[in-house]
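*Asks:*
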Amino acid sequence: MDKKKSRNTLFIISLVLMLCGSLLAGLIQNGAGAVEIREIKIYGTYNGYYDAYLYVPKGVTAENPAPAVLAAHGFNNSKEYMTNTAIELSRRGYVVLSMDLDNHGFSAKSTVANHADNGYGTADALLYLHSLDIVDDSNVGMIGMSMGGMAVDATALKYPDLYQALFFMDSGCDVTTCPQHHNWAISVGRTTETPPNFGAPNGVAIPTMPDAMTAYGITEAVVVGQLYGSVEDNTARIYFDHWGDHPKSTDDATSIGNAVKWFGMTMKGAKDIPYTNQIWQWKFLGTSLGLLGFIIFLMTFGGVLLETPYFASLKDPVPAFKGSKGATWWVFALITAALGPILLVPIFFKFFMLNPGKLEGITTGFVGWLFVVGLISIALLIIGFFALGKKAGADGVSYGFKWEEIGFDWKKIGKSVLLALAVVGTSYLILAVIVDVLKVDFRAWVVTVKTMDFRHFLVMLAYIIPLAIYFIPMAISLHGTLRPKEGKVSFAREMVINTVILALGYFIVEAYYYVPLTFFGGPSNFGPKALGFINGLGLFVLVPMIAMISTYFFRKTGRIYVGAFINILLVAWYLTAANCMFGFG
5 MDKKKSRNTL FIISLVLMLC GSLLAGLIQN GAGAVEIREI KIYGTYNGYY DAYLYVPKGV
65 TAENPAPAVL AAHGFNNSKE YMTNTAIELS RRGYVVLSMD LDNHGFSAKS TVANHADNGY
125 GTADALLYLH SLDIVDDSNV GMIGMSMGGM AVDATALKYP DLYQALFFMD SGCDVTTCPQ
185 HHNWAISVGR TTETPPNFGA PNGVAIPTMP DAMTAYGITE AVVVGQLYGS VEDNTARIYF
245 DHWGDHPKST DDATSIGNAV KWFGMTMKGA KDIPYTNQIW QWKFLGTSLG LLGFIIFLMT
305 FGGVLLETPY FASLKDPVPA FKGSKGATWW VFALITAALG PILLVPIFFK FFMLNPGKLE
365 GITTGFVGWL FVVGLISIAL LIIGFFALGK KAGADGVSYG FKWEEIGFDW KKIGKSVLLA
425 LAVVGTSYLI LAVIVDVLKV DFRAWVVTVK TMDFRHFLVM LAYIIPLAIY FIPMAISLHG
485 TLRPKEGKVS FAREMVINTV ILALGYFIVE AYYYVPLTFF GGPSNFGPKA LGFINGLGLF
545 VLVPMIAMIS TYFFRKTGRI YVGAFINILL VAWYLTAANC MFGFG
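Numbering (this note's numbering), first residue to last: 5 to 589.
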């Protein structure tokens, strides 16, 4: 099979994966038509409005109202993170309202001075649920993950008569608020990264903490899974756990099963489906296949466009290699591999703490980190050129950013921009149609490719230039100075080697944190910096994708621009759409 036929085959496979994966995910999410999913806006107090998905099981009407659950996601998440839980609850007959919290997702930023006063919007959402004639007012529960637990904790205190049961997913009330609630349960991962409840050093130790015993109204260690109090007296309380970390709680059968079990114990009117009978994993598979198809599409569609008369002029031969060789190659490869990972946590956290008002805290943390790495990379490239490259005859052509006799070919650079816009723009349109029709996006656990509103789009533009400061020198380093075996390896092998160079350091840094935490029960000694490690999990997919895109288009065009521009647009979109609009809020 020739290269063009192979590319066309992969292009068709990418479309099939995106379409079929999304159809599978959508089918599971709506229970094969048994649940209607409506995207709604809730207009509440403090000039806020909140975007939400309302899951309405078939047969639920004003004449046949159903129990309801309000689902609140964690910090820097959105309503889609609670989808797996919503699937399991709605297929059991619950009306589920999964919302974007204040200034997250597509929800607006309210004017409330203290977000706890409105539970990050959950107070308005709870009132909205009670306004629906399809909801049984006497059977309304709330579930909150992480910061969502803080949100429903505040709302339960504000409206103690408007809920029947609470579930805290890798979150919790505290020693002062827990006793004020009725029928509450806490479920925490034994390897959670976040500061565990009740002052515990890790997730495993929570039941033994004095404050936990006080909250549960006992004088000995809390027994996992044991019911304390009485549902009828509204004094029921229970502690669950599961094996896993903080973000895993929304994608874990035990954690989700605990929630299903608890609402089944404390609320009436749901279908009697065992809590172990779960189907959300098929939705996870569908969106993961869609994500894989999306990644393949970015490269193969670009390859298809390069065959068109307009873009064919970008297909220049790969320039002669005049970069690092032998031991020097290994030194610069190790520097490239280590630079970003070593700076990730300290630089990310410094920029995140800027809390940049109308920009995004998390995105600014990542972009600021990449910007600093890019500046250092530029300095290293300059030093390397004058120390070694100039003597070897290296120039802008061999580094992949100039053309023979022309220098900067601005016409081809402009075409490279247009090609990148066409590739990324088309992939966005495909996703937008899928989200609109099926209410699913491309995601695998913490890796989420989402659509954005115009507010997020404007914010995204602010990150383009800082990201260019990273991606252009990164591409020059990989393809100008670090081409493996002097550029004499196969296409596939070069992709693998470049992926290892960019990704290996991140794997080591994340392992340094997660191996002791996961397998040895160690406490989190990183404090708030754990947020950087949690968000860094997405790099396990994002970094290899960046390396492959850059390598693919350098091989196709002989220059670094198309791959760099696609990566700039893609990462700006990915980070802006996935992250919330403030730092700490």
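Heads up, the beta-carbon is just placed ideally off N, CA and C, and yes, glycines get one too.
All values derive from a computational prediction rather than experimental measurement.
Decide if Q184 is buried, meaning its Cβ has at least 16 other Cβ atoms within 10 Å, or exposed.
*Replies:* Classification for Q184: exposed.
*Asks:* How big is the Cα-Cα spacing for F336 and S328?
*Replies:* 8 Å
*Asks:* What residue ranges within the region 46–102 form continuous beta strand (DSSP E) runs of no fewer than 3 residues, ordered along the chain?
*Replies:* 53–61 and 70–76
*Asks:* Which of helix, strand or coil does DSSP assign to F301?
*Replies:* helix
*Asks:* Thinking just about the alpha-carbon of each residue, which of Y517, Y516, P488 and C24 is nearest to the one in V504?
*Replies:* P488
*Asks:* Is I538 buried or exposed, if buried means 16 or more other CB atoms sit within 10 Å of its CB?
*Replies:* buried
*Asks:* What are the residues that DSSP puts in a beta bridge with L170?
*Replies:* M146 and W188, per the DSSP bridge assignment.
*Asks:* Assuming D128 is part of the alpha helix (DSSP H), what are its boundary residues?
*Replies:* T126 to S135
*Asks:* By a C-beta neighbour count over all protein chains shown, 10 Å radius and 16 as the cutoff for buried, is D165 buried or exposed?
*Replies:* exposed
*Asks:* Can you say whether D276 is buried or exposed, counting buried as having 16 or more other CB atoms within 10 angstroms of its CB?
*Replies:* Under a 10 Å Cβ-count criterion, D276 is classified as exposed, with fewer than 16 other Cβ atoms of the shown protein chains found around its own Cβ.
*Asks:* Taking the beta strand (DSSP E) that F446 belongs to, which residues open and close that run?
*Replies:* F446 to A448
*Asks:* In its own chain, which residues sit with a C-beta less than 6 Å from the C-beta of W286, not counting the 5 before and 5 after it?
*Replies:* Within its own chain, the residues whose Cβ lies closer than 6 Å to the Cβ of W286, once the five positions on either side in sequence are excluded, are I32, listed in chain order.
*Asks:* What does the Cβ neighbour count give for G193, buried or exposed, with the cut at 16 atoms within 10 Å?
*Replies:* Label assigned to G193: buried.
*Asks:* Does the beta-carbon distance from P211 to V226 come in below 8 Å?
*Replies:* P211 places its beta carbon less than 8 Å from that of V226.
*Asks:* Are the CB atoms of A38 and P61 within a distance shorter than 8 Å?
*Replies:* yes
*Asks:* Let me know the beta strand (DSSP E) ranges lying completely inside the region 236–294, each 3 residues or longer, listed in chain order.
*Replies:* 241–246
*Asks:* What are the partner residues of V453, as DSSP defines its beta bridges?
*Replies:* F446
*Asks:* Taking a contact to mean a Cβ-Cβ separation below 8 Å, would you say M22 touches F301 in this structure?
*Replies:* yes
*Asks:* Which parts of the region 350–415 are runs of the alpha helix (DSSP H), unbroken and 4 residues or longer, counting only runs that do not cross its ends?
*Replies:* 365–388
*Asks:* Would you tell me roughly how many angstroms separate the C-alpha atoms of F458 and I17, rounded to the nearest one?
*Replies:* 31 Å
*Asks:* In the structure shown, what three-state DSSP assignment does V463 receive?
*Replies:* helix
*Asks:* Could you tell me how far apart the beta carbons of I222 and Y132 are, in whole angstroms, since I believe they sit closer than 8 Å?
*Replies:* The Cβ separation is near 36 Å, so there is no contact.
*Asks:* Tell me the DSSP secondary structure of R194 in three-state form.
*Replies:* coil
*Asks:* Pull up the distance between the alpha-carbon of N583 and that of V453, whole angstroms please.
*Replies:* 11 Å
*Asks:* Just to confirm the assignment, what range does the alpha helix (DSSP H) spanning I469 have?
*Replies:* I468 to I480
*Asks:* Applying the criterion that 16 or more other CB atoms from any shown protein chain within 10 Å of the CB defines a buried residue, is K358 buried or exposed?
*Replies:* The displayed chain sequence assigns Leu, not Lys, to residue 358. Label assigned to L358: exposed.
*Asks:* Taking 8 Å as the cut-off, decide whether the C-beta atoms of F15 and V308 are in contact.
*Replies:* Taking a C-beta distance under 8 Å as the contact criterion, F15 and V308 qualify as a contact pair.
*Asks:* Given 8 Å as the limit, is there contact between the region 148–157 and the region 108–126, that is, 3 or more CB pairs closer than that?
*Replies:* yes
*Asks:* Mind checking which residues open and close the alpha helix (DSSP H) that includes D121?
*Replies:* Neither: D121 is in no alpha helix (DSSP H) and is coded neither H nor E.
*Asks:* DSSP three-state label for I44, please.
*Replies:* strand
*Asks:* Can you list, in chain order, the residues of its chain whose CB lies under 8 Å from that of G229, leaving out five sequence neighbours each side?
*Replies:* I242, Y243 and F244
*Asks:* Would DSSP call G589 helix, strand or coil?
*Replies:* Because G589 sits at a pLDDT of 39, beneath the cut-off of 50, its placement in the model cannot be relied upon, and the point is left open.
*Asks:* I'd like the span of the alpha helix (DSSP H) that includes V504, first residue to last.
*Replies:* F495 to F523
*Asks:* Would you please state the rounded distance, in angstroms, between the beta carbons of G290 and A36? I believe it to be under 8 Å.
*Replies:* Not really, about 13 Å apart at Cβ, beyond 8 Å.
*Asks:* Closer than 8 Å by C-beta to N529: which residues in its own chain qualify, once you throw out the five before and the five after it? Chain order, please.
*Replies:* The pLDDT assigned to N529 is 47, lower than 50, so where the model puts this residue is not dependable; a value taken from the coordinates is nonetheless given after this. For N529, where only same-chain residues beyond five positions count, there are no Cβ hits under 8 Å.
*Asks:* From P251 to A219, what distance separates their C-alpha atoms?
*Replies:* 25 Å
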